[in-house]
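S.K.: Take the sequence shown: its letter number 4 is residue 5 in the working numbering, and every next letter is one higher.
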Amino acid sequence: MAFFACLPLEVVIMSFKTGLVGFLLFGVISLNAVAEVRLLEGWTRSPPPGVDRLAIYGRLVNDGG
């Protein structure tokens with residue numbers, strides 16, 4: 002927790018939004034579709050300030066459902 006205390010509030014909020022979007026993307030979609038979605042050969046990038054979208058590069062694979 003001390004790590005976040007030294008960061009600007011904007012960075013902490015952006016990190017929280019990115020984590021929330023990631024949870025919704027991989028968690029809720031997986032629960033609703035009864036499937037597992039994996040990111041292969043890719044990465045995510047945090048959006049710049051003022052942008053509400055998470056950049057995902059790579060290939061998403063559905064292993065179920």
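Even glycine gets a Cβ: it sits at the ideal position worked out from N, Cα and C.
(1) Given Leu-41, which residues of its chain have a CB within under 7 Å of its CB, disregarding the five upstream and five downstream residues?
(2) Nearest to Ile-57 by CA position, among Thr-45, Thr-19 and Arg-39, is which residue?
(3) For Leu-40, write down the residues that DSSP places opposite it in a beta bridge.
(4) What residues match up with Thr-45 in a beta bridge as DSSP calls it?
M.R.: In brief:
(1) Correct list, in chain order: Gly-59, Arg-60 and Val-62.
(2) Measuring from the Cα of Ile-57, the nearest candidate turns out to be Thr-45.
(3) Looking at the DSSP output, Leu-40 shares a beta bridge with Leu-61.
(4) The secondary-structure analysis by DSSP pairs Thr-45 across a beta bridge with Ile-57.
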